[in-house]
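Shown next, in structure tokens, is the structure this report addresses.
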Amino acid sequence: MSTAQPPTGEEPPATRGLVRRFRALPLRSRLALLVATAVAVAVAAVAVACWFVTRIQLEDQLDDSLRNAKMDNEPMRDLLSSCLSGGQLPAQEFPGQYTVQIVAANGSYCTAPNTTPIPAQPSDVDVAAGRETDALHTTENNDGKDMRVYTRKLPPVVSSGQANNQLAVSVARPLSEIDAPLSTLAWVLALVGGIGVVGAGAAGLWVARAGLRPVDELTEAVEHVARTEDLTVRIPVDGEDEIARLSHSFNSMAAQLASSRDRQAQLIADAGHELRTPLTSLRTNVELLARSDETGRVIPPDDRKALMVSVKAQMTELAALIGDLQELARPDAAEPGPLQVVGLHDITRTALRRARLRGPELTITADLAPWYVRAEPAALERAIVNVLDNAVKFSPPRATIDVHLHRGELTVRDRGPGIPAEELPHVFERFWRSPSARQLPGSGLGLSIVARTVQQAGGEIALRPAPEGDGPGTVATIRLPGAPTPPPGM
1 MSTAQPPTGE EPPATRGLVR RFRALPLRSR LALLVATAVA VAVAAVAVAC WFVTRIQLED
61 QLDDSLRNAK MDNEPMRDLL SSCLSGGQLP AQEFPGQYTV QIVAANGSYC TAPNTTPIPA
121 QPSDVDVAAG RETDALHTTE NNDGKDMRVY TRKLPPVVSS GQANNQLAVS VARPLSEIDA
181 PLSTLAWVLA LVGGIGVVGA GAAGLWVARA GLRPVDELTE AVEHVARTED LTVRIPVDGE
241 DEIARLSHSF NSMAAQLASS RDRQAQLIAD AGHELRTPLT SLRTNVELLA RSDETGRVIP
301 PDDRKALMVS VKAQMTELAA LIGDLQELAR PDAAEPGPLQ VVGLHDITRT ALRRARLRGP
361 ELTITADLAP WYVRAEPAAL ERAIVNVLDN AVKFSPPRAT IDVHLHRGEL TVRDRGPGIP
421 AEELPHVFER FWRSPSARQL PGSGLGLSIV ARTVQQAGGE IALRPAPEGD GPGTVATIRL
481 PGAPTPPPGM
């Protein structure tokens, strides 16, 4: 009966559950756990590498001691004589931890007194037979103890008048000489590694808490703003790291939101104030007409005509103000519409025709050189119409308005009373109106719409007093960059 296996490429359920539990932990706990895991892996890798390097070095030292063991001393000669005599001659004990024995080519071996024999291995027999010069290997003695054995060829030995060239000597030492230090080293490394992992986890938790403190402050600030809508909250910015950048970005966002809300509230207040005046006047005129009909008191024809003209003017002013507010309140008002290559001179001519209709008693001169720009045609025409309307509105009867367009610079010069220098910085603010113009129709939004339209087209607009010696008036200047090529067919 086979068990179901997860599809290839999918994690087992146990792994998915472990991942879900890990993700459910707080961020600081995850950071501490990751730090501890990384340190544990690093410590384990270093400990294992250290253990293996130490083992290799100890084994090399043991092998070198076996190779360098002196076998030409008296105990060795006694052992050789005893082995060749079949044990009839006595042999001495070898000092230290060495186990020494003579190996013959037929596989027999003779061990020094009071030492445990080590069975001869094929490599030892090969050395005795002359097939190998030496051999180094690990094997067990007759007591089951691991031994490191080094075997080398013996020179010919004369016994009973005959030379024996089929002998080798094996020198061995127990591997416990290196196993015990390695075991001690392993326990020390495990203890030090465990302490390091625990310390790394504690340090990681402390670092996570310290590092995430600004994030906690940011979270508290966001929750406070969401709960109270208080956009005056600011987070202290310390340093230039990513957390500081995040705090700075939050502070900038909160400041911009507060400014936007203030502008919105100011726009509503200003719009209400501007709407109140024509509505009050319109209500008064309508009440006069209604009271006349209710009481039967006939209003003289001339007065009635003046009231109707006033009502019509107030309705026109309300419609213009509502149109300007809709223009400012459009969701896409901050973004320009589709840009097209249009002739600035053609749009200016169209705007001039409308201006002449609104001021038939004025003289409007125009000198327009061809100039093509990339802009939204309807918005650009509205902006130029607003500039010309201001010139018409503030010009005295039978005055002259000069309009010039040369290399992308459109200037409109009127002969009105002009704008005082201290009022020029405010002319493009929403709902701002000069004290001298507050009795004239208008909402104070026209120039702010003009400025936004010109800036969206990549240009700039400025107002300045007329040059000295050329009479009163104001010069409006619009500069727009030219398009690479005129549109097809022009």
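Quick note on full-length UniProt numbering: the sequence shown kicks off at 1 and runs consecutively. In this text, a Cβ means the ideal position worked out from N, Cα and C, and glycines have one as well.
Provide the residue(s) that pair with residue i in DSSP beta bridges, ordered along the chain.
i: ALA32; result: The partner list for ALA32 (beta bridge, DSSP) is empty, contrary to what the question assumes.
i: ARG407; result: ARG407 is not bridged to any residue.
i: TYR372; result: GLY343
i: ALA168; result: VAL103, LYS153
i: ARG413; result: ASP402, VAL475
i: ARG173; result: ARG148
Can you check which of these residues, the options, is closest to residue i by C-alpha distance?
i: VAL48; options: SER176, ALA104, ALA190, THR115; result: ALA190
i: LEU388; options: PRO467, ALA36, THR350, PRO370; result: THR350
i: VAL125; options: GLY144, THR116, VAL149; result: VAL149
i: VAL188; options: ALA38, ALA44, GLN455; result: ALA44
i: PRO155; options: ALA40, ASP367, ARG77; result: ARG77
i: ALA104; options: ASP402, SER82, VAL222, LEU167; result: LEU167
i: GLU93; options: LEU84, ASN106, LEU79, ILE102; result: LEU79
i: PRO338; options: CYS83, CYS110, PRO377; result: PRO377
i: PRO214; options: GLY130, GLY204, ASP238, GLY194; result: ASP238
i: VAL222; options: ASN251, VAL192, ALA457; result: ASN251
i: THR139; options: VAL46, THR99, ALA203, ASN114; result: THR99
i: LEU447; options: PRO397, ASN390, ASP402, SER395; result: ASN390
i: VAL342; options: GLY408, ARG283, ASP303, ILE56; result: GLY408
i: LEU279; options: THR316, PRO75, ASP302; result: THR316
i: ASP216; options: ILE243, GLY194, GLY193; result: ILE243
i: GLY418; options: GLU381, GLN455, ALA466; result: ALA466
i: GLY193; options: PRO360, VAL450, ILE384, VAL41; result: VAL41
i: ALA476; options: GLY469, LEU424, GLN456; result: LEU424
i: ILE461; options: ASN386, GLY469, LEU58; result: ASN386
i: LYS145; options: ARG353, THR115, ASN165; result: THR115
i: PRO181; options: ASP402, ASP470, GLU59; result: GLU59
Let's see if you can read the secondary structure: which residues bound the alpha helix (DSSP H) around residue i?
i: residue 492; result: Because residue 492 is not part of the residues shown, which for the chain are 1 to 490, the question remains open.
i: residue 511; result: Nothing about residue 511 can be read from this structure; the chain reaches only from 1 to 490.
i: ASP346; result: 344-358
Can you list, in chain order, the residues of its chain whose CB lies under 6 Å from that of residue i, leaving out five sequence neighbours each side?
i: ALA379; result: THR453
i: ALA369; result: LEU405, HIS406
i: LEU344; result: TRP371, VAL373
i: GLY442; result: Note that GLY442 scores a pLDDT of 49, beneath 50, so its modelled location is shaky; the value from the coordinates is reported in the next line. Nothing meets the Cβ criterion.
i: PRO360; result: none
i: ALA120; result: VAL103, GLY107, TYR109
Compute the beta-carbon to beta-carbon distance between residue i and residue j, rounded to the nearest angstrom, for a pair I have assumed lies under 8 Å.
i: TYR372; j: GLY459; result: In fact, because the Cβ distance is near 13 Å, the residues do not count as touching under 8 Å.
i: THR151; j: SER176; result: Not a contact, Cβ separation roughly 20 Å.
i: LEU231; j: ALA210; result: The pair is not a contact, with the Cβ atoms about 28 Å apart (cut-off 8 Å).
i: VAL392; j: ARG358; result: 5 Å
i: VAL198; j: LEU66; result: Between LEU66 and VAL198 the Cβ distance is about 42 Å, and since that is not below 8 Å, they are no contact.
i: ILE478; j: LEU410; result: 4 Å
Starting from residue i, trace the beta strand (DSSP E) both ways and give me its first and last residue.
i: LEU191; result: It is not in any beta strand (DSSP E) - LEU191 instead sits in the alpha helix (DSSP H) that spans 176-228.
i: GLU74; result: Note, GLU74: premise wrong, no beta strand (DSSP E); alpha helix (DSSP H) at 74-84.
i: TYR109; result: 109-111
i: ILE364; result: 363-368
i: ALA153; result: With the sequence shown as reference, residue 153 is identified as Lys, and Ala is not the correct amino acid for it. Residues 146-153.
i: PRO465; result: 460-465
i: residue 496; result: The structure shown has nothing for residue 496, since the chain only spans 1 to 490.
i: GLU140; result: 134-140
i: VAL475; result: 474-479
Less than 7 Å between C-beta atoms, sequence neighbours within five positions excluded: which residues of the same chain meet that for residue i?
i: LEU62; result: ARG148, ARG173, GLU177, ILE178
i: ALA200; result: VAL35, ALA36, VAL39
i: ARG356; result: ILE364
i: ALA186; result: TRP51
i: GLY471; result: ARG415
Please list, in chain order, all residues of the same chain as residue i whose beta carbon is under 8 Å from its beta carbon, the five residues on each side excluded.
i: residue 494; result: Here the chain has residues from 1 to 490 only, and residue 494 is not among them.
i: ILE299; result: LEU288, LEU289, SER292, LEU307
i: ALA319; result: none
i: PRO117; result: GLN101, TYR109, THR111, ASN141, ASN142
i: THR400; result: LEU362, THR363, ILE364, THR365, ARG415
For residue i, would you say it is in contact with chain D, using Cβ-to-Cβ distances shorter than 8 Å as the test?
i: PRO301; result: In the displayed structure, chain D is absent; only one protein chain is listed.
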